[in-house]
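J.: One structure, pasted below without further comment.
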Amino acid sequence: MGHVYIVHCIDTEGPLYEGLDANFKRLKNIYGIDLEPSEETLKAIRNGELDLGDVTEAVANTFDVSRTVFNEDWAQIETMLNQITSEKFTRQLVDSEGDGWKYNWFCLDHVGFSGDNPRRRDAGDHKVFDFYQRYTCDDLSLGSIQWHYHPLPITGHFHNGGTTYLNSSNVSEILAKKIIDREWFPSCYRPGFHTERPDSNWFLEQWIPFDYANQSITAGTIDQPDLAGGRYGNWEKATKSWIPYHPDYDDYQKIGNMRRWIARCLNMHARLREISQEDVNDAFLEARTGNDVLLSFTNHDFRNMRPEIEKVMRYIRHASENFDDVSFSFEEAADGFRKCLGIERTTCGLSSDLVKIRDGKWRLDVRARGKLFGPQPFLALKTVDGRYYWENFDFTDASSWSFTFDEEHAPLEMIEKIGVACNSSSGIPEVIVMGLDLDFLGPKST
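Read left to right, the sequence shown gives residues 4 to 449 (the working numbering).
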């Protein structure tokens with residue numbers, strides 16, 4: 004008999020504002036319907052009272068009140084968090100071990116955008132991360148923190164969605180700042196807009212072992228015109244099993260031989276790829292056949308999460324009653340993968356030295372006693388004028404790497420801090436940060 008490991012992933016983006024005009028702009032962008040904005044028209048749309056032809060029902064679903072009323076400031080988010088993290092709420096449903104609901108906050112940085120911010124996103128480095136770090140105070144009963152990323156759109160607008168990771172330094176700068184400024188590195192990832200493409204597939208493969216991304220669904224097609232052609236994620240070919248898989252180098256949807264694991268993760272309450280009672284039943288049925296499974300789902304912190312959680316709680320309760328011989332447990336995101344796949348916890352055993360070769364030339368040597376996930380640690384540099392960079396290491400052997408500071412590329416006197424981060428093969432992150440004394444050009448602890 005297998006076991007059902009349950010992980011709730013939250014795309015954690017902070018407050019969101021959406022005025023009346025924004026609803027009608029979305030109506031035009033998604034469905035090509037141009038209407039004069041008014042509260043009366045919006046109400047009629049939501050109630051299905053406005054005849055919009057074949058898309059009347061789909062439009063009503065898109066603009067349902069539950070999907071278009073948001074937490075507009077941090078005070079509203081904190082009020083919601085106080086409710087849903089209370090023991091009274093989290094223990095409405097306890098797992099087979101007697102434990103309550105668990106949260107995993109996949110935090111986004113609203114940085115690198117250069118255009119309009121009509122949704123009033125809290126822009127700036129670490130804004131969302133710091134709020135949740137303060138709120139949880141590293142108390143796992145309030146949730147673990149992981150990583151979420153939105154690729155930059157060419158428009159530069161905060162409310163638009165890009166498609167590419169590696170056409171700018173944005174993604175690597177965000178991780179470099181997390182390493183150097185917060186001494187933190189993620190082991191799990193939730194893709195922005197539920198979307199992966201070749202470049203993100205390859206980028207994640209270097210450092211991030213656990214990926215809650217697969218949104219393959221069993222039921223029908225998606226009746227949302229703006230999603231055609233995989234615009235916001237194409238998972239049609241991916242497995243519908245609740246057992247994680249290794250993706251293929253050329254096609255992240257196919258089972259292949261990459262290191263990274265991808266888990267199926269459906270939306271909790273959305274206009275697309277929404278988890279159903281049948282999906283939850285399938286997870287318990289798959290466990291009954293003898294396989295450990297990872298049942299995961301996602302929503303956003305900018306909406307009222309309480310009814311969405313309660314709905315999924317009902318699904319799980321119903322399935323557990325119908326499959327009462329199958330055990331289940333609520334898990335932290337990385338533990339969910341490790342337990343489901345039988346991965347033992349290991350560490351990197353990371354160490355580093357800064358060695359002077361001669362005047363004007365220094366070498367950073369990094370070693371690992373344990374096995375890393377990926378080919379190299381992440382090397383982050385902060386310059387004395389406040390810029391952040393990711394850099395490649397040179398490979399010394401399978402467990403040691405080096406980087407040379409010289410006049411040809413990066414003189415050490417330009418560097419204020421050095422950060423090195425990695426995940427072990429079991430997804431245990433380690434971070435080293437060194438500050439530099441510019442008088443003696445030697446390392447000192449921070």
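C-beta: ideal position from N, C-alpha, C; glycine also.
#1: Along the chain, where does the beta strand (DSSP E) that runs through D214 open and close?
#2: Terminal residues of the continuous beta strand (DSSP E) containing V387?
#3: Looking at the secondary structure, which residues open and close the beta strand (DSSP E) in which C12 lies?
#4: Is K46 helix, strand or coil by DSSP?
#5: Can you look up C343 in the DSSP assignment and give me helix, strand or coil?
#6: Could you say which of L297, T350, N270, F116 lies nearest to S332 if we only look at CA atoms?
#7: Closest to N284 by CA distance: which of S323, L375, L269 is it?
#8: Between which two residues does the alpha helix (DSSP H) holding S332 run?
#9: Do I13 and H197 have their C-beta atoms within less than 8 Å of each other?
#10: Which term fits D328, buried or exposed, when burial requires 16 or more other beta carbons within 10 angstroms of its beta carbon?
#11: Please tell me whether S330 and S99 are closer than 8 Å, where the distance is taken between their beta carbons.
#12: Secondary structure at I80, three-state DSSP: helix, strand or coil?
#13: May I have the straight-line CA-CA distance separating K130 from D112, to the nearest angstrom?
#14: Roughly how many whole angstroms lie between the Cα atoms of E394 and I278?
#15: Nearest CA to the CA of R267: which residue from S427, G101, Y215?
#16: Just the Cα atoms here: how many angstroms apart are S448 and D119?
#17: Taking 8 Å as the threshold (C-beta atoms), are E75 and L19 in contact?
#18: L439 and F406 look like a contact to me (Cβ under 8 Å); what is the Cβ gap, rounded to whole Å?
#19: Out of Q280, F305, I48, I177, which has the shortest C-alpha to C-alpha gap to F27?
#20: Go to R366, then tell me how far its alpha helix (DSSP H) extends in each direction, as first and last residue.
#21: Excluding the 5 residues flanking F132 on each side, which residues of the same chain have their C-beta closer than 6 Å to its C-beta?
#22: Comparing C-alpha positions only, which one of E281, E311, G339, V68 sits nearest to F213?
#23: Does the contact criterion of 3 or more C-beta pairs under 8 Å hold for the region 406-425 versus the region 199-207?
#24: In the structure shown, what three-state DSSP assignment does D442 receive?
#25: What residue from L178, C191, E334, M316 has the CA that sits closest to F381's CA?
#26: Once the 5 residues before and after M316 are set aside, which same chain residues still bring their CB inside 7 Å of it?
#27: For the region 180-192 against the region 425-434, do three or more pairs of beta-carbon atoms, one drawn from each stretch, fall closer than 8 Å, so that the two count as touching?
#28: Can you tell me where the beta strand (DSSP E) holding T59 begins and where it ends?
T.: The relevant details are as follows:
#1: Taking the first residue of the sequence shown as position 1, residue 214 is located at position 211. Start and end: 213-217.
#2: Your numbering for residue 387 matches position 384 in the sequence shown. Looking at the DSSP string, V387 is not in any beta strand (DSSP E), and its letter there is neither H nor E.
#3: By one-based count along the sequence shown, residue 12 stands at place 9. First-last of the beta strand (DSSP E) with C12: 6-15.
#4: For the purposes of this step, residue 46 is identified with residue 43 of the sequence shown, where counting begins at 1. Looking at K46 - three-state DSSP - the assignment turns out to be helix.
#5: Within the sequence shown, the letter at position 340 stands for residue 343. Reduced to three states, the DSSP call for C343 is helix.
#6: Numbered from its first residue, the sequence shown carries residue 332 at position 329. For S332, the nearest C-alpha among the options comes from L297.
#7: Residue mapping note: residue 284 aligns to position 281 of the sequence shown, counting from 1. Measuring from the Cα of N284, the nearest candidate turns out to be S323.
#8: In the sequence shown, residue 332 corresponds to position 329, counting from 1. Per DSSP, S332 belongs to no alpha helix (DSSP H); it is in the beta strand (DSSP E), 330-333.
#9: Counting from one through the sequence shown, the residue named residue 13 turns up at place 10. Counting from one through the sequence shown, the residue named residue 197 turns up at place 194. Contact flag unset, no.
#10: Here residue 328 refers to the residue found at position 325 of the sequence shown. Per the 10 Å Cβ criterion, exposed.
#11: On the sequence shown, position 327 is the one that residue 330 refers to. On the sequence shown, position 96 is the one that residue 99 refers to. In contact: S330 and S99 (Cβ atoms closer than 8 Å).
#12: Residue mapping note: residue 80 aligns to position 77 of the sequence shown, counting from 1. In the structure shown, I80 sits in a helix (DSSP, three-state: H, G or I).
#13: As a working note, residue 130 is residue 127 in the sequence shown. As a working note, residue 112 is residue 109 in the sequence shown. Going by the C-alpha atoms only, they are around 7 Å apart.
#14: The count along the sequence shown starts at 1 and reaches residue 394 at position 391. The count along the sequence shown starts at 1 and reaches residue 278 at position 275. The straight-line gap from Cα to Cα measures roughly 40 Å.
#15: Counting from one through the sequence shown, the residue named residue 267 turns up at place 264. Per the Cα distances, Y215.
#16: If you number the sequence shown from 1, residue 448 lands on position 445. If you number the sequence shown from 1, residue 119 lands on position 116. Model confidence at S448 stands at a pLDDT of 35, short of 50, so the residue's coordinates are unreliable; what they give is reported in the following sentence. If I take the Cα positions, the gap works out to 40 Å.
#17: The residue labelled residue 19 in the question sits at position 16 within the sequence shown. The residue labelled residue 75 in the question sits at position 72 within the sequence shown. Yes.
#18: If you number the sequence shown from 1, residue 439 lands on position 436. If you number the sequence shown from 1, residue 406 lands on position 403. Actually they do not touch by this definition, with Cβ atoms about 14 Å apart.
#19: What you label residue 27 is simply residue 24 of the sequence shown in a count that begins at 1. Of the listed residues, the one whose Cα sits closest to F27 is I48.
#20: Within the sequence shown, the letter at position 363 stands for residue 366. Taken as a continuous stretch (DSSP letters only), R366 belongs to no alpha helix (DSSP H), being part of the beta strand (DSSP E) at 364-371.
#21: The sequence position of residue 132 within the sequence shown is 129, counting from 1. Cβ within range, chain order: C110.
#22: The count along the sequence shown starts at 1 and reaches residue 213 at position 210. Closest by alpha carbon: G339.
#23: no
#24: Locating residue 442 in the sequence shown gives position 439, counting from the first residue. Only weak support is given to the placement of D442: the predicted model assigns it a pLDDT of 47, under 50, and the question is left unresolved by the model.
#25: As a first step, residue 381 must be located in the sequence shown, where it is residue number 378. Of the candidates L178, C191, E334, M316, the one whose C-alpha sits nearest the C-alpha of F381 is L178.
#26: Locating residue 316 in the sequence shown gives position 313, counting from the first residue. So the list reads Q95, L96, once near-sequence residues are dropped.
#27: yes
#28: Here residue 59 is taken as the residue at index 56 of the sequence shown, counted from 1. T59 -> not in any beta strand (DSSP E); alpha helix (DSSP H) instead, spanning 59-65.
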